[in-house]
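Reminder that position 129 of the sequence shown reads as 129 in the UniProt record's numbering, one-by-one numbering, no gaps.
Glycine included, each C-beta is placed from N, C-alpha and C at the ideal position.
What follows is a short report on a single structure.
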Amino acid sequence: MYEILLPVDDDTDRAAAQARYVSGLPGETDELSVTVAHAYRDDSRGTGDDRFDEESPGVIEATDILSAAGITVEQRELYVPVAESIVDLSDELDADEVVLCGRKRSPAGKALFGSVTQSVALESSVPVTIVPVEHTPSNQ
């Protein structure tokens, strides 16, 4: 079984791009297992427990796309700091790949606030795929 960690926030466009990338991977869907992990944007909601926010639009979007493709989906919650949480969950799940969708930021914004995508790519022990929001697989 090929295990993919798909961290999402509430942005449906990014979540859809990530899910479309995964659903377009070659091979049989029964060979894939995807964990959709919800990351909050602010510190006030991420409490560090595994209770899942089923109301997240990003989670709903990604789960719907993956389920429609016949892919097994599990759901988890991420704690703050998000980048560290993604790396830790990837290790815990023994994931084969992490699939992220970056967002456009100015160089100053990256320097001041950091980049979760960049941090995960640098710290992860498994391959990290970063898809653009515009990603559309060639087979769809």
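| query | result |
| --- | --- |
| The region 30 to 41 / the region 1 to 12 touching (three or more Cβ pairs under 8 Å) | yes |
| Element boundaries [beta strand (DSSP E), containing T35] | L32 to H38 |
| Candidates V87, I71 and E134: closest to S125 by CA position | V87 |
| Where R51 sits in the DSSP three-state scheme | A caution first: R51 carries a pLDDT of 46, below 50, which makes its placement in the model unreliable, though a value can still be read off. Coil. |
| Straight-line Cα distance separating E84 from E123 | 8 Å |
| Host beta strand (DSSP E) of N21 (start-end) | Residue 21 is actually Tyr in this sequence, not Asn. Y21 -> not in any beta strand (DSSP E); alpha helix (DSSP H) instead, spanning T12 to S23. |
| From D91, A69 and P132, residue whose alpha carbon lies closest to that of S23 | A69 |
| Extent of the continuous alpha helix (DSSP H) to which L93 belongs | V82 to L93 |
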